[in-house]
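As structure tokens, the structure follows; a few thoughts come after it.
Number of protein chains: 2
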Amino acid sequence: MKDIVAGIDIGGTNSEVGLVDNEGNVLDRASMKTRAHGKDFSAYLEDLSRLINDLVKTNAVSLVGIGIGAPNGNINNGSIEHAPNLDWKGIVPFCEKLQVHFPEIPIRLTNDANAAALGEKLFGNGKMIDNFLTITLGTGVGSGFIVNGQLMYGHDGMAGEAGHTVVDPNGRVCGCGRRGCLETYVSASGIVRTAAEQLSIHHFQSKLADIPFSELESKTIADLAAKGDVVAQKVFEITGRTLGMKLADFVAITSPKAIFIAGGVVNAGELLLKPVREHMEANLLSIYKGKVRIEKSGLPGIDSAILGAAALIWSQNK
Amino acid sequence: MKDIVAGIDIGGTNSEVGLVDNEGNVLDRASMKTRAHGKDFSAYLEDLSRLINDLVKTNAVSLVGIGIGAPNGNINNGSIEHAPNLDWKGIVPFCEKLQVHFPEIPIRLTNDANAAALGEKLFGNGKMIDNFLTITLGTGVGSGFIVNGQLMYGHDGMAGEAGHTVVDPNGRVCGCGRRGCLETYVSASGIVRTAAEQLSIHHFQSKLADIPFSELESKTIADLAAKGDVVAQKVFEITGRTLGMKLADFVAITSPKAIFIAGGVVNAGELLLKPVREHMEANLLSIYKGKVRIEKSGLPGIDSAILGAAALIWSQNK
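Just so you know, the protein sequences line up as chains A and B, in that order.
Heads up: the first sequence at position 121 corresponds to 121 in the working numbering, and the numbers run straight through without jumps.
Heads up: the second sequence at position 253 corresponds to 1253 in the working numbering, and the numbers run straight through without jumps.
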């Protein structure tokens, strides 16, 4: 039987499970609702374990480990700590409790963006690179830094929250309770906020003016920009500038060879990446100019979180 | 004969050489002018080599390596790259040229702040800590990050330029050609600039108003603050706030256990450290609150650069 790792991506809506081999192929996958049992974490774990076991049985593989990517995941103790978008409050000892269902195999958990960076290192565009970072642009903004070939976890296992570095201390209100975090500008919802801001400033004609704020999505803005909507284009230019300027800061600290952008927002492609590159380059300290490339993640969007989670185990076994 | 490493600190004015044993004791030291020979790098190296050899002979020790801390020092190739405050322009292959004079021992070079962090790890307050950072506040602002027990050099050997992360993109002109770098606010000269700014804003009585800008030093401002000068106190409060807010960003990226502050400015003690701590803590993302301590460097100020430079060799031999 083939050795397989179950990679689990825990999101606010769905928990996705995939069977991943040591070359990064996803053999099969399944999904369940993360909130199906409300605050009842034990009931959730029962269902999750059943889902994993069913997948393993159906595919006749040998389960050698479970890797989990979760919001506010702590690699040091395998807990999810105060995740704002999950129903389980406080510190949830995820690995410890799941281990009861799978007593004989390693189980590891980290935050989703750290997992994405590790997935990039094992299976994506970061294979040959010992110093890079991954920025995930989705509902939130996450980051994972590979330093000297290893994921940088920091002292407490919680490093890599670049989404909560500050663009403007008097800026937009963030879900974290502070103001002006990068996440409030360059996440999917940050881009929608920038669209509203631009509508408030300019007189241009724009289809964006006909869509209620609550219904607007970053994908819609990207589509309109592609069709020539001037405000929508300006929104991505501004988003790229904000991200590019902060990336220049991250380069000054970590001096990476590459920066990989992952998450749903990167589907906008060059509409986003071009201004990010230009503004990062323009803001780099001279010693870093021309040295750092910015690319889309090399992991397939649909499976990137699962691959990253599985990489938590496979990176230990290589 | 005792094994000794020569630790060399190359500054814009002086080049200091110290003989350092593997426990961080400085047995003897000597100094020469960095600019004594203008652009003639070979003549400088002749003098430096003579200085080292004389020290070694006088102290009857066995020289087992040479470590060098220098502005814009690159660990990967042992070069000093485009250092704005030195007379040697372009890329200077320092280690390669010095190796001719000392063909049989290892010679390593990195930037002064990276060396300071490594010195802290080997001989200072960072001995038992695998994730911390050192910020040096002097003429400029440097930084060195210890990640997973190792110095973070980045892809090109030039990581750790936190002094050139940006506080305000429209802010003060920086020597690097950009605007608003942290260095322009919290270095010794940044503190002097803040004093001038505060004089321009307030109506308070202050001794600072009687000193020409060109003659003002951060130490004078600290002394006045200690004597109750309200503007001088406000200058350090603002300096602490600016640094504390940026440190909160660095924590979100690297999640260190501790932050050590080194360099001449830290002689201001709690006058600086108290507001730094308060403002960092107030600006931390909740998951990091109460976890990161801020302390003065544990290396003796006068020898910290020499100890850091020597640590480049001793860290390889331990």
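From the three backbone atoms N, C-alpha and C, an ideal C-beta is built for every residue, glycine too.
Query                                                                                                                              : Result
Chain-ordered chain B contacts of A/M280 [CB-CB under 9 Å]                                                                         : Chain B residues near A/M280: none, gap ~12 Å exceeds 9 Å.
CB contact check: A/P93 to chain B, cutoff 9 Å                                                                                     : no
Three-pair Cβ contact test at 8 Å for the region 149-168 of chain A versus the region 1253-1261 of chain B                         : yes
Contacting positions in the region 1196-1230 of chain B - beta carbon closer than 7 Å to chain A                                   : none
Short CB-CB distance (under 9 Å) between A/Q150 and chain B                                                                        : yes
Sequence-distant residues of the same chain with beta carbon closer than 8 Å to B/V1173, five excluded per side                    : R1179, T1184
Segment contact flag, the region 1191-1211 of chain B with the region 266-284 of chain A, C-beta cutoff 8 Å, min 3 pairs           : no
Cβ neighbours of B/V1092 in the same chain (closer than 7 Å, five flanking residues each side left out)                            : F1041, S1079, I1080
Bounding residues of the alpha helix (DSSP H) (the contiguous stretch that carries A/F102)                                         : It is not in any alpha helix (DSSP H) - A/F102 carries neither H nor E in the DSSP assignment.
Sequence-distant residues of its chain with Cβ nearer than 6 Å to A/T136 (five each side left out)                                 : A113, A116, G142, A262, G263
Under 9 Å between C-beta atoms of A/I68 and A/C95                                                                                  : yes
For A/E237 and A/S189, the rounded distance between their alpha carbons                                                            : 16 Å
Distance, A/L48 Cα to A/I10 Cα                                                                                                     : 11 Å
Contact set for B/K1097: own chain, Cβ-Cβ below 8 Å, skip 5 residues either direction                                              : F1041, S1042, L1045
Backbone CA spacing between A/A309 and B/N1125 [nearest angstrom]                                                                  : 36 Å
Close-in-space but distant-in-sequence residues of the same chain around B/M1158 (CB under 8 Å, 5 per side omitted)                : N1072, N1074, E1081, N1111
B/S1015, DSSP secondary structure in three states                                                                                  : strand
Residue from A/L63, A/T34, A/G38 with nearest C-alpha to A/H101                                                                    : A/L63
Distance between beta carbons of A/L118 and A/T34, contact taken as under 8 Å                                                      : Rounded, the Cβ-Cβ distance is 22 Å, inconsistent with contact.
Presumed contact (8 Å Cβ cut-off) between A/D130 and A/I105, rounded CB distance                                                   : Not really, about 29 Å apart at Cβ, beyond 8 Å.
Contacts around B/E1295, its chain only, beta-carbon distance under 7 Å, and the 5 residues preceding and following it disregarded : N1125, A1258, F1260
Chain B residues whose Cβ lies nearer than 8 Å to that of A/F250                                                                   : I1253
Three-state secondary structure (DSSP) of A/F260                                                                                   : strand
For B/I1238, the first and last residue of its enclosing alpha helix (DSSP H)                                                      : 1230-1254
Within chain B, partners of A/L285 - CB distance below 7 Å                                                                         : E1161, H1164, C1176
A/S187 in three-state terms, based on DSSP                                                                                         : coil
Proximal residues of chain A, C-beta to C-beta of B/M1245 below 8 Å                                                                : V166, P169
Chain-ordered chain A contacts of B/P1256 [CB-CB under 7 Å]                                                                        : G154, H155
Below-9 Å beta-carbon distance, B/M1158 vs any chain A residue                                                                     : yes
B/N1283 classed as buried or exposed, judged by whether at least 16 other C-beta atoms fall within 10 angstroms                    : buried
Closest Cα partner of A/R241 within the set A/V231, A/L272, A/L216                                                                 : A/L272
Residue nearest to B/I1191 in terms of C-alpha spacing, selected from B/Q1233, B/D1210, B/G1160, B/V1020                           : B/Q1233
A/G175 and A/P84 closer than 9 Å at C-beta                                                                                         : yes
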